[in-house]
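Undergrad: Handing you a structure now.
2 protein chains.
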Amino acid sequence: MTKINTTLTKNPKNLPPSDKLGFGQYFTDHMFVAKYREGQGWYDAEILPYSPLALDPAASVFHYGQALFEGMKAFRQDSGEIVFFRPEFNYDRLCEGAARLCLEAPPKELFMEGLKKLVEADERWIPNGPNTSLYIRPTLIGSEGFLGVRPSHETIFFIILSPVGSYYAEGAKPVRIWAEETYLRAAPGGLGAVKAGANYASSLKAALAARQKGYAQVLWLDVEHQGIEEVGTMNVFFVMDKEIVTPALNGSILAGGTRGSVIQYLKSKNLPIVERKITITEVIEKIKSGELKEAFGTGTAAVVSPIGVIHYQGKDWDINKGETGPLSTQIFTEITSIQRGTKADPFNWITKLK
Amino acid sequence: MTKINTTLTKNPKNLPPSDKLGFGQYFTDHMFVAKYREGQGWYDAEILPYSPLALDPAASVFHYGQALFEGMKAFRQDSGEIVFFRPEFNYDRLCEGAARLCLEAPPKELFMEGLKKLVEADERWIPNGPNTSLYIRPTLIGSEGFLGVRPSHETIFFIILSPVGSYYAEGAKPVRIWAEETYLRAAPGGLGAVKAGANYASSLKAALAARQKGYAQVLWLDVEHQGIEEVGTMNVFFVMDKEIVTPALNGSILAGGTRGSVIQYLKSKNLPIVERKITITEVIEKIKSGELKEAFGTGTAAVVSPIGVIHYQGKDWDINKGETGPLSTQIFTEITSIQRGTKADPFNWITKLK
Ligand SMILES: Cc1ncc(COP(=O)(O)O)c(C=O)c1O
Ligand SMILES: Cc1ncc(COP(=O)(O)O)c(C=O)c1O
């Protein structure tokens, strides 16, 4: 394997207060960087002090959107053990995304070794307060400098780390969401199924507009403005009388790791989880009829984020009177307890650092 | 206006041979960079030696696809005069794109002054051989370092320059194109109407696959795999017996400057140019019936690129026996003659450097 060199910082930063972490505001002392060039393979893999990346102004990430990332977490369990949550899932998804974006994915050992060495170097940064964790951001960018649209022959793979608290300023309070009929996040044949920066570029304006109208997240609909796809940067679940529904992966929805974990957990409890197409019309009908009991988003950052209100075509529709429902609470507690090591891990989700 | 500082290189490069320029392979000695921060405005505007950009690894361009560019040209006319082709068009399109991507567009004077000072500094790089020009790449990227999806509060605006020859290795020979039914470039409500890096990210894989099958470019269809949108990184025109058709701007098509110039030119000649929806089915029908006489792509890089073959659902369909048609030639000659100053400029497309 490509050798990983380590240069530790001479100026370690002060740790931020663990009750004021927020999300993605603080970065640790180090980062992992490795480079790839066609014909040469991976080279210059290193742990080094967190510092700017120097890129040719013609690099394809600046012009042709060759940017892909992952989002995962490490935890400091009560026993003191440092663990990762499903790192292999994130590695696999990175590889799928790299193929779609014509970027080079790092070999698995390089990914895992870089990850472990980096987290070891920044171990003191892993917080242990309630709802805190170390957010991990593996990223692939096209770094070759050229113009004239084609895939870059060079890729940079890097990992940065951020100690985080709750994703939402509001904490776990149910969020108000806006069903979006003007802007589109992704379409079949596009990039929606991979974690490409491109998808987020398209989403920013709608999210900003929703926030200005008082909604924390956008409920993304499909090209026909009917099929429900995702909520903000999360997958979405609807708890109904007879079934729990999450949109089937249709090519424009990102297959979230948390989505997979929630499905696995619900199945293990013999709860009626169904992956199928679900439209905004159906959801509104089932709110009206009282059949919709709960709705929530799922993602690495917030784990479970209950939905209190859906705005659709001029009206606000309350879900579970705007309160967090029992299933949302149960799933959140279950997954976070496994992450923190206070419950057993029957699903093999946990990988130890050492 | 923000003051522009100039630092000239101490190590000017050798000029590349003007008959081997290709496209986007060589960069000039200098670049223009200006920075923006919310609350502070534009600052640190400078002409400096072409060199890597140093960005926080958490910069939003690496994660959330905040990247937008323009493509335009300067020419060395036979009289020795240096001119730009429609720079105001590109400035306006950059502003529209910036609004869509939640990036800050530079003020017009900063754009124009930066452009002129940079081209002046690199004047010796402007080639004058046949079909050569100076390609200009203004670019906007989100540079703030943070994680958690939202627009960057900081923008970097930069311009780089590349002396170019013909866009296609083949020169002006008609290209073979592949009507794409799997991958999508853009969809309504997305970013197709702006020059976001995100659109190109989505297009790379299809373009690569087409090239491997022997087709130079992809013919992009709409979400229904019917409406014709663009060809590669160009707009597209179909010359029929009774009309010349280019797809109407529908929200997912980029409004090319060359497209606008071609429409203006055709109108001035009282030729029946129509902007309307046109499907791949109609095009194939009109090839069969003999009504389709010519087809060509238009863009800054190639100006006019004749289409010789369309591949659709397993069949190659010849257009004009695979030869360049008379209207393609006429338009190419007209526009390039105005650019080179060998014909008068009735449309006011030309802006002098000095
Ligand atoms: C668009 C989008 N959908 C869904 C998710 C959820 O994926 P995961 O559960 O793997 O974090 C994310 C990432 O958090 C996302 O960015
Ligand atoms: C996707 C796309 N469509 C069309 C065009 C043509 O635009 P213009 O004529 O302004 O160069 C371009 C840029 O060259 C492009 O990238």
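Protein sequence lines, in the order shown, are assigned to chains A and B. FYI, the numbering used here numbers position 195 of the first sequence as 195, with every residue one higher than the one before it. FYI, the numbering used here numbers position 307 of the second sequence as 1307, with every residue one higher than the one before it. Glycine included, C-beta positions come from ideal geometry on N, C-alpha and C.
1. Give the residues from the segment 1216-1243 of chain B that approach chain A closer than 7 Å (Cβ to any Cβ), ordered along the chain.
2. Please go through the same chain and pick out, in chain order, the residues whose beta-carbon is closer than 8 Å to the beta-carbon of A:A201, but skip the five residues on each side of it.
3. To the nearest angstrom, how far is it from the Cα of B:T1182 to the Cα of A:G189?
4. Counting only C-beta atoms, is B:T1139 closer than 9 Å to chain A at any point?
5. What's the gap between the Cα of A:Q264 and the Cα of A:G257?
6. Between B:A1058, B:I1047 and B:T1028, which lies nearest to A:F27 when the distance is taken from Cα to Cα?
7. Residues of chain A with CB closer than 9 Å to the CB of B:Q1066, please, in chain order.
8. At a Cβ cut of 9 Å, what residues of the segment 1034-1063 of chain B count as close to chain A, listed as they run along the chain?
9. Cα separation between B:F1146 and B:G1308?
10. Rounded to a whole number of angstroms, what is the C-alpha to C-alpha distance between A:F296 and A:A209?
11. Of the residues A:W42, A:F75, A:L110 and A:N14, which one's Cα is nearest the Cα of A:P127?
12. With a threshold of 16 other CB atoms inside 10 Å of the CB of A:N11, please say whether the residue is buried or exposed.
13. Below 8 Å on the Cβ atoms is my guess for B:T1132 versus B:V1164; work out the distance and round it to an integer in Å.
14. Return the chain-ordered list of same chain residues with a C-beta closer than 6 Å to the C-beta of A:R93, the five sequence neighbours on each side being excluded.
15. My output table needs one value for A:P306: the three-state DSSP class, helix, strand or coil.
16. Any idea if A:M240 is buried or exposed, counting beta-carbon neighbours within 10 angstroms, 16 or more meaning buried?
17. Measuring straight from C-alpha to C-alpha, what distance separates A:L266 and A:I177?
18. When the Cα atoms are used, what is the spatial distance from A:K437 to A:A301?
19. I need the straight-line Cα distance from B:I1228 to B:K1277, nearest angstrom please.
20. With a 10 Å radius around its C-beta and 16 neighbouring C-beta atoms as the bar for buried, classify A:D56 as buried or exposed.
21. Please report the residue range of the beta strand (DSSP E) in which A:L208 lies.
22. Output, in sequence order along the chain, the residues in the segment 80-114 of chain A whose CB is closer than 7 Å to any CB in chain B.
23. Looking only at its own chain, which residues have a Cβ that is under 8 Å from the Cβ of A:A248, when we skip the five neighbours before and after it?
24. How about B:V1218: is its Cβ closer than 8 Å to a heavy atom in ligand 2?
25. Taking buried to mean at least 16 other C-beta atoms within 10 Å of its own C-beta, is A:R124 buried or exposed?
26. Determine the extent of the beta strand (DSSP E) in which A:E180 is found, giving its start and end residues.
27. Compile a chain-ordered list of the residues in the segment 261-284 of chain A whose CB is closer than 9 Å to at least one CB of chain B.
28. Mapping the DSSP letters down to three states, classify A:K73 as helix, strand or coil.
29. Classify A:L8: buried if its beta carbon has 16 or more other beta carbons within 10 angstroms, exposed otherwise.
30. Where DSSP assigns a beta bridge to B:R1137, which residues make up the other side?
31. State the CB to CB distance for the pair A:I141 and A:A193, rounded to an integer number of angstroms; the pair is presumed to be in contact (CB under 8 Å).
32. Using a beta-carbon distance cut-off of less than 9 Å, what residues from the segment 1164-1193 of chain B approach chain A?
33. Using Cβ-Cβ distances below 9 Å, what residues of the segment 300-313 of chain A are close to chain B?
34. Step through the CB atoms of chain B and report whether any lies within less than 9 Å of the CB of A:I160.
35. If you draw a straight line from the C-alpha of A:N270 to the C-alpha of A:W317, how long is it?
36. When the cut-off is 9 Å and only beta carbons count, does B:A1207 lie next to chain A?
TA: According to the structure data:
1. Of all residues in the segment 1216-1243 of chain B, those with a C-beta nearer than 7 Å to a C-beta of chain A are V1223 and T1233, reading in chain order.
2. Residue numbering aside, residue 201 of chain A sits at position 201 when the first sequence is read from its first letter. So the qualifying residues of the chain are G65.
3. To locate residue 1182 of chain B, count along the second sequence from 1; it is residue 182. To locate residue 189 of chain A, count along the first sequence from 1; it is residue 189. Those two C-alpha atoms are separated by around 6 Å.
4. For this step, residue 1139 of chain B is matched to residue 139 along the second sequence. Interface criterion met: the Cβ of B:T1139 is under 9 Å from a Cβ in chain A.
5. The residue given as residue 264 of chain A occupies position 264 in the first sequence. The residue given as residue 257 of chain A occupies position 257 in the first sequence. So the two alpha carbons sit approximately 11 Å from each other.
6. In the first sequence, counting from the first residue as 1, residue 27 of chain A sits at position 27. Closest by alpha carbon: B:A1058.
7. Counting from one through the second sequence, the residue named residue 1066 of chain B turns up at place 66. For B:Q1066, the neighbours in chain A by C-beta distance under 9 Å run, in chain order, G197, Y200, A201 and L204.
8. Under the 9 Å Cβ criterion, the segment 1034-1063 of chain B contributes Y1050, S1051, P1052, L1053, A1054, L1055, D1056, P1057, A1058, A1059, S1060, V1061, F1062 and H1063.
9. Within the second sequence, numbered from 1, the residue matching residue 1146 of chain B stands at position 146. Within the second sequence, numbered from 1, the residue matching residue 1308 of chain B stands at position 308. About 48 Å.
10. As a first step, residue 296 of chain A is located in the first sequence; it is residue number 296 there, counting from the start. As a first step, residue 209 of chain A is located in the first sequence; it is residue number 209 there, counting from the start. Rounded to the nearest angstrom, the gap between the Cα atoms of A:F296 and A:A209 is 21 Å.
11. Counting from one through the first sequence, the residue named residue 127 of chain A turns up at place 127. Minimum Cα distance to A:P127 is reached at A:F75.
12. Position 11 of the first sequence holds residue 11 of chain A. By the neighbour-count criterion, in which a residue is buried when 16 or more other Cβ atoms sit within 10 angstroms of its Cβ, A:N11 is exposed.
13. Here the question's residue 1132 of chain B lines up with position 132 in the second sequence. Here the question's residue 1164 of chain B lines up with position 164 in the second sequence. Confirmed, Cβ separation roughly 7 Å.
14. Residue mapping note: residue 93 of chain A aligns to position 93 of the first sequence, counting from 1. Once the five neighbours on either side are set aside, A:R93 has no close Cβ partner at all.
15. Within the first sequence, numbered from 1, the residue matching residue 306 of chain A stands at position 306. Strand at A:P306.
16. Here residue 240 of chain A corresponds to residue number 240 of the first sequence, with the count starting at 1. It counts as buried.
17. Looking up residue 266 of chain A in the first sequence gives position 266. Looking up residue 177 of chain A in the first sequence gives position 177. Cα to Cα, A:L266 sits roughly 24 Å from A:I177.
18. The shown model of chain A, from 1 to 354, leaves out residue 437 of chain A, and the question about it has no answer.
19. Locating residue 1228 of chain B in the second sequence gives position 228, counting from the first residue. Locating residue 1277 of chain B in the second sequence gives position 277, counting from the first residue. Rounded to the nearest angstrom, the two C-alpha atoms are 7 Å apart.
20. Within the first sequence, the letter at position 56 stands for residue 56 of chain A. Flag for A:D56 reads buried.
21. As a working mapping, residue 208 of chain A is identified with position 208 in the first sequence. Segment G197 to Q212 is the alpha helix (DSSP H) holding A:L208; no beta strand (DSSP E) there.
22. Within the segment 80-114 of chain A, the qualifying residues are R100, L101 and C102.
23. Numbered from its first residue, the first sequence carries residue 248 of chain A at position 248. If we look at A:A248 and ignore the five residues flanking it on each side, its Cβ neighbours are E275, R276 and K277.
24. As a working mapping, residue 1218 of chain B is identified with position 218 in the second sequence. Because no heavy atom of ligand 2 lies under 8 Å away, the Cβ of B:V1218 does not count as near it: no.
25. Stepping through the first sequence from its first residue, residue 124 of chain A is reached at position 124. The residue in question, A:R124, is exposed, as its Cβ has fewer than 16 Cβ neighbours within 10 Å.
26. As a working mapping, residue 180 of chain A is identified with position 180 in the first sequence. DSSP places A:E180 outside any beta strand (DSSP E), giving it a letter other than H or E.
27. Answer in chain order: no residues at all.
28. Start at 1 with the first residue of the first sequence, and residue 73 of chain A comes out as number 73. Strand, per DSSP.
29. Translated into positions along the first sequence, residue 8 of chain A becomes position 8. Exposed is the call here.
30. Locating residue 1137 of chain B in the second sequence gives position 137, counting from the first residue. In DSSP, B:R1137 forms a bridge with B:I1160.
31. Within the first sequence, numbered from 1, the residue matching residue 141 of chain A stands at position 141. Within the first sequence, numbered from 1, the residue matching residue 193 of chain A stands at position 193. In fact, because the Cβ distance is near 20 Å, the residues do not count as touching under 8 Å.
32. The residues in question are V1164, Y1167, E1180, E1181, T1182, Y1183, L1184, R1185, A1186, A1187, P1188, G1189, G1190 and L1191.
33. Going along the segment 300-313 of chain A in chain order, one finds A301 with a Cβ nearer than 9 Å to chain B.
34. Looking up residue 160 of chain A in the first sequence gives position 160. So yes, A:I160 belongs to the interface.
35. As a position in the first sequence, residue 270 of chain A is number 270, starting the count at 1. As a position in the first sequence, residue 317 of chain A is number 317, starting the count at 1. One C-alpha to the other measures close to 29 Å.
36. Here residue 1207 of chain B refers to the residue found at position 207 of the second sequence. With 9 Å as the cut-off, B:A1207 counts as an interface residue toward chain A.
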